[in-house]
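Peer 1:
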Amino acid sequence: MHVYLNGEFLPLEQARVSVEDRGFLFGDGVYEVTRVLPSGLFAETEHWDRLQRGIKELTLPTPEGFNKAQVRGISEHLLEANGLKGRQATVYLQLTRGAAPRNHAFPPAGTPPTLYLSASPFQVPWTQRKEGVSALMLPDLRWARCDLKTVNLLPNIMAKQQARDAGVYEAVLVRDNVITEGASTSVFIVMDGVLHTHPKNQRILPGVTRDHVLALACELGMTVKEQPVAVNDRGRFQEVFLAGTTTDVQPVVTLNGAKVGEGTPGPLTLALQRALLQRMGLEAPPELGL
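Next up, the structure:
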């Protein structure tokens, strides 16, 4: 496997980052994961715009020549080098404030940032998409700027592991008695035939797939409300699904051990799942009937 690190393409086992890198010491950096389809990078502009927003908000320096065209070129080179051209894959990008003696304050101006990219194969878990998954609700213990895609993911990781230990797929996070999002996904809920999801603010990540799903819902004539959903309304949940770069539209059929609706993927979820697959140019195996 070949990766890109600070201007070089090299085998993964030869890639080295300083122990004084602020990403390692403080989680001082941002990242993006972009889906790669046989047709190329999916939602490239949206991922780039979100990355730029994080860089601006954290006042991160960028390497010389850092722009969307450069990142696209690096991504395509990695896909080619790793035998992933024309296949499904993901490209991971991480940018940190660079290496400097450990100090909480920013290092001196001119400290070179650290830029790392890698490409990995990806396969859609089609049976999981068709049958649905289970989830449980956990407290949202993250910081107050969840709208920034930083590498500070410890609360997400702890929630995800708690979900794994419970034998379920995802942790649905709750803050002030309302559902925010998943540990690594956006959350959508159908109540009374209306599609609900938490509004964009500092409590959730502005998901790229989330925005595509909302646009598709409007195209399909669904009623959409971007407003918080209270945990106390759980008895009214007719459908629940997750959305994300590697999650697409993933039905949730049980929540906290209880069935969601009939305990099978619901009609709005399935319609949006099909619409997103069509937008991505993907086809499920015919035997699954998606």
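To convert a position in the sequence shown, counted from 1, into this note's numbering, add 5. The C-beta atom is built at its ideal place from N, Cα and C for all residues, glycine as well.
1) Rounded to the nearest angstrom, what separates Phe71 and Thr116 at their Cα positions?
2) Just to confirm my understanding: we take Gly28, look at its own chain, exclude 5 residues before and 5 after, and list those with CB closer than 8 Å. What are they?
3) For Phe193, list the residues DSSP reports as bridge partners.
4) Look up Val173 in the DSSP assignment and say whether it is helix, strand or coil.
5) Taking Leu293 as part of the beta strand (DSSP E), name the residues at either end of that continuous run.
6) In this structure, does DSSP put Lys165 in helix, strand or coil?
7) Does the region 265-274 come close enough to the region 194-201 that 3 or more CB-CB pairs lie under 8 Å?
8) Measure the CB-CB distance between Arg40 and Phe47 and report whether it falls below 8 Å.
9) With a threshold of 7 Å on Cβ separation, who are the neighbours of Asn11 within its own chain once the five nearest residues in sequence on each side are excluded?
10) Which residue from Ile162, Val24 and Pro68 puts its Cα closest to that of His104?
11) Quick check on this structure: which residue in Gln232, Glu267 and Lys154 has the alpha carbon closest to the alpha carbon of Gly212?
12) What did DSSP end up calling Ala235 once you bin it into helix, strand or coil?
13) Whose C-alpha, out of His82, Asn108, Val76 and Val129, is nearest the C-alpha of Gln93?
14) Do Phe246 and Phe193 have their beta-carbon atoms positioned less than 8 Å apart in this structure?
15) Just reading off the beta strand (DSSP E) that His109 is part of, what are its end residues?
16) Mind reading off the beta-carbon distance from Ser123 to Val8? Whole number of angstroms is fine, and I expect it under 8 Å.
Peer 2: Answer, in terms of the structure:
1) For the purposes of this step, residue 71 is taken as residue 66 along the sequence shown, with counting starting at 1. For the purposes of this step, residue 116 is taken as residue 111 along the sequence shown, with counting starting at 1. Approximately 15 Å, taken between the alpha carbons.
2) Stepping through the sequence shown from its first residue, residue 28 is reached at position 23. Only Val22, Gly34, Gln99, Thr101, Arg102, Thr119 and Val156 meet the Cβ criterion.
3) What you label residue 193 is simply residue 188 of the sequence shown in a count that begins at 1. DSSP, once it has assigned bridges, lists Thr202 and Phe246 as partnering Phe193.
4) The residue labelled residue 173 in the question sits at position 168 within the sequence shown. In the structure shown, Val173 sits in coil (DSSP, three-state: anything other than H, G, I, E or B).
5) Stepping through the sequence shown from its first residue, residue 293 is reached at position 288. That residue, Leu293, is in no beta strand (DSSP E); it is neither H nor E in DSSP.
6) The residue labelled residue 165 in the question sits at position 160 within the sequence shown. The answer is helix: DSSP assigns Lys165 an H, G or I state.
7) yes
8) By one-based count along the sequence shown, residue 40 stands at place 35. By one-based count along the sequence shown, residue 47 stands at place 42. In contact: Arg40 and Phe47 (Cβ atoms closer than 8 Å).
9) As a working note, residue 11 is residue 6 in the sequence shown. Closer than 7 Å at the Cβ level, and outside the excluded window around Asn11, lie Thr119 and Leu120.
10) By 1-based counting over the sequence shown, the position of residue 104 is 99. The displayed chain sequence assigns Ala, not His, to residue 104. Out of Ile162, Val24 and Pro68, Val24 has the C-alpha closest to the C-alpha of Ala104.
11) Locating residue 212 in the sequence shown gives position 207, counting from the first residue. Looking at the Cα atoms, Lys154 is the closest of the given residues.
12) Residue numbering aside, residue 235 sits at position 230 when the sequence shown is read from its first letter. Ala235 falls in the strand class under three-state DSSP.
13) Residue mapping note: residue 93 aligns to position 88 of the sequence shown, counting from 1. Measuring from the Cα of Gln93, the nearest candidate turns out to be Val129.
14) The count along the sequence shown starts at 1 and reaches residue 193 at position 188. The count along the sequence shown starts at 1 and reaches residue 246 at position 241. In contact: Phe193 and Phe246 (Cβ atoms closer than 8 Å).
15) Along the sequence shown, one-based indexing puts residue 109 at 104. First-last for His109: undefined, no H or E at that position.
16) The residue labelled residue 123 in the question sits at position 118 within the sequence shown. The residue labelled residue 8 in the question sits at position 3 within the sequence shown. Indeed, because the Cβ distance is near 4 Å, the residues count as touching under 8 Å.
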